[in-house]
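Residues in the sequence shown are numbered consecutively from 13, following this note's numbering. Beta carbons: idealized from backbone N, C-alpha and C, even for Gly. Note that the structure is a prediction, hence the values are computed from the model and not measured.
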Amino acid sequence: MENRPIAALLKGLCAMIIVMASREREDIDYVVARIEALGYQAHLIEGTQRTVVAAVGDERGKFRLQSLESLPHVEKVVPILQPFKLAGREAKEEDTSFKVGGVTIGGGVFTVMAGPCSVESREQILETAKVVHDCGATILRGGAFKPRTSPYAFQGLELEGLNLLDEAREATGVPYVTEVMTPEQVPIVAERADILQIGARNMQNFGLLKAVGRLRKPVFLKRGMMSTINEFLMSAEYVMSEGNKDVILCERGIRTFETETRNTLDISAVPVLKKLSHLPVFVDPSHATGHWDLVIPMAKAAVVAGADGLMIEVHPHPEDAFSDGAQSLKPPHFKQMMEEIAPLVSLMGKTL
Ligand code: PEP
Ligand code: MN
13 MENRPIAALL KGLCAMIIVM ASREREDIDY VVARIEALGY QAHLIEGTQR
63 TVVAAVGDER GKFRLQSLES LPHVEKVVPI LQPFKLAGRE AKEEDTSFKV
113 GGVTIGGGVF TVMAGPCSVE SREQILETAK VVHDCGATIL RGGAFKPRTS
163 PYAFQGLELE GLNLLDEARE ATGVPYVTEV MTPEQVPIVA ERADILQIGA
213 RNMQNFGLLK AVGRLRKPVF LKRGMMSTIN EFLMSAEYVM SEGNKDVILC
263 ERGIRTFETE TRNTLDISAV PVLKKLSHLP VFVDPSHATG HWDLVIPMAK
313 AAVVAGADGL MIEVHPHPED AFSDGAQSLK PPHFKQMMEE IAPLVSLMGK
363 TL
């Protein structure tokens with residue numbers, strides 16, 4: 013037999029370990045009977061201290077198996093396989109890579125997406141698109157529908173913002189990513205944008221995840237600021253389970269007790285995600301730190317941690333920005349960032 017992890021051998025199967033609290037024959041027989049009644053095979057493993065029963069079968073009865081933990085003679089029920097069937101490495105060993113316009117995402121290519129937080133005017137988006145493209149960014153970012161904490165803050169130019177992003181793509185040839193906030197907006201944004209962004213605040217908007225899952229356009233999924241890696245991957249699973257396999261994961265900082273930075277960049281999420289999932293992993297050091305002068309160091313850390321790309325906020329005049337000026341790089345600093353990450357990208361065996 014090939015030397016492969018047990019998880020790979022059990023592909024497509026659900027396997028649970030039921031750890032018995034009791035060693036009484038009748039308690040064990042009762043649990044075995046319940047497992048078999050749910051359509052699973054029960055394999056008894058009797059150690060010197062503990063008895064465990066392995067239940068092997070398909071997915072459907074999984075949650076009912078978990079309910080066996082309520083029995084007094086069962087200590088715990090432990091799943092062996094990861095719950096993300098499509099997003100997980102167990103499903104697909106090789107890294108996922110795909111093309112957007114002419115741009116490759118993943119698969120040894122390091123991709124930089126850059127642009128303003130919000131699209132504000134024709135001049136602003138055209139100028140930014142040109143400068144980030146000249147510096148080596150291959151995807152333009154810009155918010156047309158903005159998820160703002162306050163309803164009184166600038167909400168984005170909406171449809172006009174999409175028109176301006178179309179113009180910027182026309183002018184530079186660079187594909188763009190923009191956020192979609194509601195299932196109703198999905199067809200409108202999907203018709204225009206090259207990549208649809210799901211923002212941190214919507215990472216668990218399951219109706220929205222399903223709606224973008226029905227598209228055949230890449231989805232840029234940002235980690236919720238209070239979400240675990242497991243929850244993040246389950247959100248990717250929502251998109252993929254509807255048929256859309258082109259998902260990009262983005263770590264953008266999580267809430268911690270620290271107040272010096274806007275969020276705390278969970279840099280270890282990068283290797284953890286790369287280990288658990290075959291999907292491309294990006295980092296957004298702009299929202300993670302909230303301060304432009306922290307963006308370059310964290311961008312470099314992201315490259316070396318193994319990220320497949322970056323999302324960076326750039327504004328020609330951050331002091332006039334309608335949103336997130338404090339964390340936006342001016343063009344010269346963006347140029348500096350691109351120069352400083354270049355040797356690190358090579359060091360990691362990737363190409364810019
Ligand atoms: C953004 O990318 O502009 C944004 C709002 O990011 P996040 O959802 O990560 O806060
Ligand atoms: Mn922003």
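(Q) Nearer than 6 Å: is that true of the beta carbon of Lys97 relative to any heavy atom of the ligand PEP? (A) no
Practice item. Please write down, chain order preserved, every residue whose beta carbon lies under 5 Å from a heavy atom of the ligand MN. Key: Cys129, Asp336
Open item on the list: Contact defined as beta carbons within less than 8 Å: I believe Gln197 pairs with Phe157. What is the distance between those atoms, to the nearest angstrom?
Closed with: 6 Å
Requested in this report: Please name the residue, chosen from Leu245, Thr273, Arg35, that lies closest to Gly59 on a Cα-to-Cα basis.
Outcome: Arg35
| query | What do you reckon, is the C-beta of Ala212 under 6 Å from a heavy atom of the ligand PEP? | reply | yes
Quick one: is Ile30 buried, meaning 16 or more other Cβ sit within 10 Å of its Cβ, or exposed?
buried
Practice task
Look at the Cβ atom of Phe122, then the Cβ atom of Gly318, and state whether they are nearer than 7 Å.
Solution key: no
Inset, instruction - Please go through the same chain and pick out, in chain order, the residues whose beta-carbon is closer than 7 Å to the beta-carbon of Met13, but skip the five residues on each side of it. - result: A caution first: Met13 carries a pLDDT of 38, below 50, which makes its placement in the model unreliable, though a value can still be read off. Hits under 7 Å: none found.
Taking the C-alpha atoms as reference points, what is the distance between Ala212 and Thr268? 15 Å
(message) Please state the DSSP three-state secondary structure of Arg153.
(response) strand
Residues near Met360 in its chain [Cβ-Cβ closer than 8 Å; skip 5 each side] = Phe122, Val315, Val316, Gly318
For His290, collect the residues of the same chain with a Cβ closer than 6 Å to its Cβ; drop the 5 residues on either side in sequence, then sort them by chain order.
Arg101, Lys104, Asp107, Thr108
task: Inspect the beta-carbon positions of Gly173 and Val131 and report whether they are closer than 7 Å.
output: yes
| query | From what residue to what residue does the beta strand (DSSP E) around Phe110 run? | reply | 110-112
Cβ atoms of Ile266 and Met237: under 7 Å apart, would you say?
-> yes
Assuming Thr194 and Leu220 form a contact by the criterion Cβ under 8 Å, report the distance between their Cβ atoms to the nearest whole angstrom.
7 Å
query: At a cut of 8 Å, does the segment 83-95 reach the segment 37-55 through at least three beta carbon pairs?
result: yes
Next item on the list: Look up Ala27 in the DSSP assignment and say whether it is helix, strand or coil.
Entry: strand
Check your understanding: Gln53 lies in the beta strand (DSSP E); which residues open and close that run?
Key -> 53-58
Exercise. Secondary structure at Arg16, three-state DSSP: helix, strand or coil?
Worked result: Its pLDDT being 48, under 50, Arg16 is placed unreliably in this model, and the coordinates cannot settle the point.
### Task
Count the other C-beta atoms from every protein chain shown that fall within 10 angstroms of the C-beta of Asp332, then say buried if there are 16 or more, exposed otherwise.
exposed
- Message: Per DSSP, what are the beta-bridge partners of Ala188 in this structure?
- Response: Residue identity differs from the one stated: residue 188 is Tyr in this sequence, not Ala. Answer is Leu152.
Open item on the list: the ligand PEP and Arg264: does the residue's C-beta get closer than 6 Å to at least one heavy atom of that ligand?
Closed with: yes
For this session: Measuring alpha carbon to alpha carbon, tell me which of Ser162, Thr184, Ile117 ends up nearest Val143.
Result: Thr184
Measure from the alpha carbon of Ser253 to the alpha carbon of each residue in Pro199, Lys97, Met215, Pro283, then state which is nearest.
Lys97
Q.
For Gly73 and Gly120, what's the separation of their Cα atoms in angstroms?
A. 39 Å
- Query: Which class does Gly219 belong to by DSSP, given the choice of helix, strand or coil?
  - Reply: helix
Examine the ligand PEP and report whether any of its heavy atoms sits within less than 6 Å of the Cβ of Gly236. no
>> Rounded to the nearest angstrom, what separates Gln53 and Met246 at their Cα positions?
In response: 27 Å
Three-state secondary structure assigned by DSSP to Ser298
helix
Evaluate Ser358 with the Cβ neighbour count: other Cβ atoms within 10 Å of its Cβ, from every protein chain shown; 16 or more gives buried, anything less gives exposed. exposed
Exercise. Any chance the CB of His299 is under 6 Å from a heavy atom of the ligand PEP?
Worked result: yes
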